[in-house]
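S.K.: I am attaching a structure below and will ask some questions about it afterwards.
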Amino acid sequence: MAGSISSNVKRGSAELAILSVLETGTFHGYDMAKRIEQQTDGVLKFDVASLYPLLYRLEKRGWVSAHWEQAANGRKRRYYKLTSEGKKRISPLRAQWQAFFGALGKLAGLTGTDADRDVPGGERA
Amino acid sequence: MCRGANVPDFDAMVRERLGDLKLSRDEQEEVYAEISGHLELHFAAEVESGAVEPVALRDADRQVGDWDSFRKSIQITKGDFMSKRLHRIWIPGLVVGVIFLLAQNALIHLREPQIIPFYGAVLNFDWARIPMAIIAGACIACWSRAMGGTVANRIAATLVPTAAFAALMLLMAPIAISVDRHISVALQLWIIFSFLLWMAILPAATMFLGALPFLRGSATSAPEPPQAPTHA
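Which chain is which? The protein sequence lines are G and B, in order.
Per this note's numbering: the first sequence = residues 345 to 469.
Per this note's numbering: the second sequence = residues 96 to 327.
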């Protein structure tokens, strides 16, 4: 059982997006936002106002940690990485979201094929 | 970084628009640096992709949009303002204040206090309280600094014990005046003022003296050790 679905769907999905990106490496905020945008073909976009409060929240919870590094141009950048606690949290979050989309799919017919939808009275899974 | 483009001063822009975040100085500087760095990269990428600089700048600005709500959002998530105040002002001030009070009581039992005539009233005072107050002030400011307190936090923490004592005295004053009717109100007010002067204002000034060496320098929270990059 994945547990109850969080009422704050938007924030929860954003958290999963960030944690999933950080699962693949250590990135600074801009890099993270770009990767999310590219990997979702522009469907998910993080601007500064939505990204950093979320990162700070995850950092406070201890799911991510941050450190400063100097870039080649001399500019310091803050890099984020998953903590062991963050790694533990990803699986339950994924299960929660799978359960959520599964439930929504059943309700709204999102998982049915086009053929199923086109045939009146056609059976659905 | 962006083909010699005239890169705007995002650091100054972020400082101006975010203003005071009510975080420690170090934390605030980190936020300014991180956000301005992001906007700088965004601007550079826009220029690289062919946008003219004013358009790229406007687009970078739109990354935040409402700066006021962004500032509040950072303060709520990163700041945990009340909790920090508690740990940087109230706890150091009250804990050391209580210890100071207990030490003063112990002193009364150990030594005979001096009687000081003060404009018609008499006060019990032990001069050993002065070094004790200096040490207490130093301890409070040092503790507050260790918790990441700003200079203003450290001063406030140092004033907490005497301010709390003074507030208690002022709250009790009307009760004392109404109960003790055989002394004139004017005399009672004079006694209260004398008491506040000797028991709150002068100790506060003395504690502040003790805190002075710890009002310099930034918060002593240890920075995270540098780590090797794990990506290109």
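Ideal Cβ placement from N, Cα and C applies to all residues, glycine included.
According to DSSP, is LYS425(G) helix, strand or coil?
M.R.: The answer is strand: DSSP assigns LYS425(G) an E or B state.
S.K.: With a CB to CB cut of under 7 angstroms and the five nearest residues on each side skipped, what residues in its chain are close to SER239(B)?
M.R.: Hits under 7 angstroms: ARG183, ILE184, PRO187, ASN248, ARG249, ALA252.
S.K.: Helix, strand or coil for SER409(G)? Go by DSSP, reduced to three states.
M.R.: SER409(G) falls in the strand class under three-state DSSP.
S.K.: May I have the straight-line CA-CA distance separating VAL109(B) from LEU307(B), to the nearest angstrom?
M.R.: For VAL109(B) and LEU307(B), the distance between alpha carbons rounds to 32 angstroms.
S.K.: Do you know whose CA, among GLY305(B), PRO103(B), ASP221(B), lies nearest VAL191(B)'s CA?
M.R.: Per the Cα distances, GLY305(B).
S.K.: Less than 8 angstroms between the CB atoms is what I'm expecting for MET227(B) and PHE195(B), so what's the real figure, rounded?
M.R.: Yes, they are in contact, since the Cβ atoms of MET227(B) and PHE195(B) sit about 6 angstroms apart, within 8 angstroms.
S.K.: Please report how far the alpha carbon of GLY244(B) lies from the alpha carbon of ALA439(G), in whole angstroms.
M.R.: Those two C-alpha atoms are separated by around 41 angstroms.
S.K.: Output needed in chain order: residues of the region 148-181 of chain B with a Cβ under 8 angstroms from some Cβ in chain G.
M.R.: The residues in question are ARG157, GLN158, VAL159, GLY160, ASP161, SER164, PHE165, SER168, ILE169, ILE171, THR172, LYS173, ASP175.
S.K.: Do you know how far the Cα of VAL126(B) is from the Cα of TYR400(G)?
M.R.: Going by the C-alpha atoms only, they are around 10 angstroms apart.
S.K.: Could you give the C-beta distance for GLU367(G) and LEU437(G), rounded to a whole number, given that I count them as a contact under 8 angstroms?
M.R.: Actually they are not in contact, since the Cβ atoms of GLU367(G) and LEU437(G) sit about 11 angstroms apart, beyond 8 angstroms.
S.K.: Tell me which same chain residues have a C-beta within less than 8 angstroms of the C-beta of ILE229(B), skipping the five on either side of it?
M.R.: Result list for ILE229(B): THR301, MET302, LEU304, GLY305, in chain order.
S.K.: For the region 132-146 of chain B, enumerate the residues whose C-beta is nearer than 9 angstroms to any C-beta of chain G, in chain order.
M.R.: Hits within the stretch, in order: GLY132, HIS133, LEU134, GLU135, LEU136, HIS137, ALA140.
S.K.: Would you check if there are 3 or more beta carbon pairs closer than 8 angstroms linking the region 382-394 of chain G to the region 158-171 of chain B?
M.R.: Verdict: yes, contact present.
S.K.: For ILE286(B), would you say it is in contact with chain G, using Cβ-to-Cβ distances shorter than 8 angstroms as the test?
M.R.: Taking Cβ atoms only, chain G never reaches closer than 8 angstroms to ILE286(B), which makes this a no.
S.K.: Using a Cβ cut-off of 7 angstroms, pull out every chain G residue sitting near ILE184(B), in sequence order please.
M.R.: Correct list: empty, because the minimum Cβ distance to chain G is about 20 angstroms.
S.K.: Taking the C-alpha atoms as reference points, what is the distance between VAL274(B) and GLY232(B)?
M.R.: Looking at the two C-alpha atoms, the distance is approximately 35 angstroms.
S.K.: What is the rounded straight-line gap between the Cα of TYR423(G) and the Cα of TRP412(G)?
M.R.: Using only the alpha carbons, I get a separation of about 6 angstroms.
S.K.: If you measure between the beta carbons of VAL142(B) and GLU148(B), is that distance less than 8 angstroms?
M.R.: Yes; because the gap between Cβ atoms is below 8 angstroms, this pair is in contact.
S.K.: Taking C-alpha atoms, which residue in SER435(G), GLN414(G), ALA415(G) lies nearest to ALA361(G)?
M.R.: Looking at the Cα atoms, SER435(G) is the closest of the given residues.
S.K.: So which residues of chain D does GLY373(G) contact, with C-beta pairs closer than 7 angstroms?
M.R.: Included in the structure are the protein chains G and B, with no chain D among them.
S.K.: What residues in its chain sit with their C-beta under 7 angstroms from that of PHE309(B), if we drop five residues either side in the sequence?
M.R.: So the list reads ALA233, ALA236, CYS237, ARG240, ARG249, once near-sequence residues are dropped.
S.K.: Out of curiosity, what's the CA-to-CA distance linking LEU398(G) and ARG433(G)?
M.R.: Cα to Cα, LEU398(G) sits roughly 15 angstroms from ARG433(G).
S.K.: Counting contacts by CB-CB distance shorter than 8 angstroms, is LYS404(G) in contact with chain B?
M.R.: Yes, contact with chain B.
S.K.: Can you look up LEU420(G) in the DSSP assignment and give me helix, strand or coil?
M.R.: Correcting the residue identity first, residue 420(G) is Lys in this sequence and not Leu. Here LYS420(G) sits in strand by DSSP.
S.K.: Determine whether the beta carbon atoms of THR257(B) and LYS404(G) lie at a separation below 8 angstroms.
M.R.: Taking 8 angstroms as the Cβ cut-off, THR257(B) and LYS404(G) do not qualify as a contacting pair.
S.K.: Which residues in chain B have a C-beta closer than 8 angstroms to the C-beta of TYR400(G)? List them in chain order.
M.R.: By Cβ distance, chain B contributes ILE169, THR172, LYS173.
S.K.: Tell me which residues share the same chain as PHE138(B) and place their Cβ nearer than 6 angstroms to its Cβ, disregarding the 5 neighbours each side in the sequence.
M.R.: Result list for PHE138(B): ALA151, ALA155, in chain order.
S.K.: Could you please tell me which residues of the region 415-426 of chain G, in chain order, have their CB closer than 8 angstroms to any CB of chain B?
M.R.: Per Cβ criterion, the list reads ASN417, ARG419, LYS420, ARG421, ARG422, TYR423, LYS425.
S.K.: Checking the sheet assignment: what are the DSSP bridge partners for HIS372(G)?
M.R.: Per DSSP, TYR423(G).
S.K.: Throw me the rounded Cβ distance for the GLY373(G) and HIS133(B) pair, which I believe falls under 8 angstroms.
M.R.: At roughly 5 angstroms, the Cβ-Cβ gap stays under 8 angstroms, so GLY373(G) and HIS133(B) are in contact.
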